[in-house]
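Report on one structure; see the data block that follows.
Numbering (our numbering), first residue to last: 103 to 164.
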């Protein structure tokens with residue numbers, strides 16, 4: 103999501119497509135307070151930043 107956020111800030115149109123387990127990211131009922139790798143940001147912070155700069159999210163029902 104960091105790459106998508108940076109691209110969106112530079113004028114690209116970015117869409118995050120969520121399938122299977124990824125759909126949990128779009129649900130506020132899931133705990134998203136964990137960190138990805140060495141990042142200081144939580145997953146929810148990355149998601150919120152991505153959406154705040156205009157990133158689109160598509161959730162697919164499988």
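The beta carbon of each residue, even a glycine, is placed where N, CA and C say it ideally should be.
Buried or exposed (CB count within 10 angstroms, at least 16 for buried), residue i
i           : result
residue 113 : exposed
residue 124 : exposed
residue 160 : exposed
residue 139 : exposed
residue 132 : exposed
Assigned secondary structure, residue i (DSSP; H/G/I helix, E/B strand, else coil)
i           : result
residue 105 : helix
residue 126 : helix
CB-CB length for residue i against residue j, believed under 8 Å
i           : j           : result
residue 155 : residue 107 : 6 Å
residue 152 : residue 120 : 12 Å between Cβ atoms; not a contact.
Delimiting residues of the alpha helix (DSSP H) encompassing residue i
i           : result
residue 145 : 145-154
Endpoints, the beta strand (DSSP E) within which residue i is located
i          : result
residue 46 : Here the chain comprises residues numbered 103 to 164, so residue 46 is not present and cannot be evaluated.
Any non-hydrogen atom of the ligand FMN within 8 Å of residue i CB
i           : result
residue 107 : The ligand FMN is absent from the structure shown, which contains no ligand whatsoever.
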